[in-house]
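Notes for the one structure printed next.
In mature numbering (1 follows the signal peptide of the UniProt record, and there is no 0), the protein residues as written are -24 to -1, 1 to 567.
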């Protein structure tokens, strides 16, 4: 057995790590008391199975691959939330932990951001991500949607669908079907080439995502199933739903799998009653959730995680950790949830995963590595070294451009550039004092993220979608300007109107600074002390949102996104700017 050691930041973390390791060895001893508990699947890897006859199947109480018992040990990594330069590193760490499978989702809104414009290159080249997984000896479970959830803006559905005023998302509404078919015509042939039967690593494909919780159209899931099969998807098809919604999301002749935060006997017994006794795949196992702006951080229950994993192994469940590595909601990809109130997701998608947002190991990773080694006889590989971090010297904002200088008039609500207040999900009226004569009303409208799930998704239109009233009289004929905040906007549409920063400058405004880096750029974290709320760009790349309401206080900046020499930093600040941009080796995502 290889010795595995990690450098932790504090004595407290080292102590926790020792306690976790002790627990792991105790669990391993329990599982290995009977040698028959170990599963012999060391030869069930892509490199050993060059000749393909029978893919992943259900046989009695087991999954089989080439007619041999196969326990699925999977972890989720979203290729679109990880810099392409780090795909191999994260997949190597997945393999070294003892997993044999990676699961990933395909976000429609990123691959077709505008109707009919498809992108499958760069960080969206999922075929290369899957090929790297295969090269490293990992199988793949793919979730192509069209809806994937994943805490993305509109659950990964493109917002242009809502241009149709009658649109009914995730149904057999004709407009939605037509859009899905056009997208699948581009997407699914790429997936089909990577299936197990074609010599690729894809052993299973998930139909939609947790449709049982939505369930607006009985015919919809059959439509998606046929759309996949018609485009030559041959591998095992699965659905994934929470325990109470299993039947509503289930399809005949499709394997139902579970989404649970803890192991509930009732849920898997309900599963048996619905489709008969067979292998159980915990397709989404998570002991945490994503963080939202203005709320305290959601901390993972490590004790619950260890207990659940041990229980699953005793029951011989296959499992998928959501997330093994969460990554980052770069740009504006993050969605929102609406329980009692609207809660937009933070930029970090750390998720309390087995790897941190920047790919560092956690104590839970060590525990799971020992547990997984106790279940199968696949020889463990050495975990890759940690990727180094650096705290660059702070840089000072040098220049600024007022938003009002850039756009003729855009109107938070402003009257003649004077800030009046905020209209949001909880406040829909503002009182204006001393309103006399003729004035210019400017409204800055922000999309903080559309709902990622729920039955109100089809209503998630953003912008000025209805009348605004002043003393009960509707205001009409607004001039509307779009700030897309994309790379093309910064490089092509942002005018060169930079001015030296003055003491009294306020937002909304763009600010410019420069970071000098040596010959070998490294990962770092940006800390924006004194800044209030906005977006930050590095060399034209949108790192995501920052907001002083927390809990997240640092933004992850991948080293590959920096270049030797000068690096341009642009911030769009809505309120009041700080003086400097700081850098640190350590993330701070809240308490």
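Using N, Cα and C, we set each Cβ at its ideal position, and we do this for glycine too. A quick note: this is a predicted structure, and the numbers were derived from the prediction, not measured.
Cβ neighbours of residue 211 within its own chain (closer than 8 Å, five residues either side excluded): 31, 32, 171, 172, 173, 178, 179, 180 and 181. In this structure, residue 71 sits near residue 113, with a CB-CB distance shorter than 8 Å. A buried status is given to residue 379, since no fewer than 16 other beta-carbon atoms sit within 10 Å of its beta-carbon.
Taken in chain order, the whole beta strand (DSSP E) runs of length 3 or more contained in the region 485 to 551 are 485 to 493, 500 to 503, 509 to 514, 517 to 523, 530 to 533 and 541 to 549. Nearest in C-alpha terms to residue 129, of all of 319, 216 and 190, is 319. Less than 8 Å separates the beta-carbon of residue 299 from that of residue 329. Assignment of residue 84 by DSSP, reduced to helix, strand and coil, places it in the helix class. In the structure shown, residue 235 falls within a strand segment according to DSSP collapsed to helix, strand and coil. DSSP lists 371 as the beta-bridge partner residues of residue 557. Judged by DSSP in its simplified three-state form, residue 135 adopts helix.
The distance from the Cβ of residue 202 to that of residue 148 is about 11 Å, inconsistent with a contact at the 8 Å cut-off. Between residue 17 and residue 56, the CB-CB gap reaches or exceeds 8 Å. In this model, residue 305 and residue 517 are separated by some 12 Å (Cα to Cα). For residue 490, same chain residues with a beta-carbon under 8 Å away, outside a window of 5 residues either side, are 371, 374, 542, 543, 544 and 545 in chain order. Burial state of residue 397 is exposed, judged by a 10 Å Cβ sphere holding fewer than 16 other Cβ atoms. The alpha-carbon separation between residue 82 and residue 184 amounts to approximately 11 Å.
Between the alpha carbons of residue 553 and residue 506 lies a distance of about 7 Å. The closest CA to that of residue 527, considering only 39, 240, 38 and 272, is found on 272. Closest in alpha carbon position to residue 486, among 549, 394 and 563, is 549.
Between residue 533 and residue 499 a beta carbon distance of about 7 Å is seen, short of the 8 Å cut, so the two are scored as contacting.
The DSSP-derived three-state label of residue 418 is strand. If one requires a minimum length of 3 residues, the beta strand (DSSP E) runs lying completely within the region 149 to 231 are 178 to 182 and 212 to 217, in chain order. Looking at the DSSP output, residue 90 sits in a beta bridge with 93.
In the DSSP annotation of this structure, the continuous segment of the beta strand (DSSP E) that includes residue 444 starts and ends at 444 to 446.
Spanning the alpha carbons of residue 451 and residue 417 requires a straight line of approximately 10 Å. Distances from the alpha-carbon of residue 104 to those of 80, 323 and 191 put 80 closest.
At the C-beta level, residue 427 and residue 314 come within 8 Å of one another.
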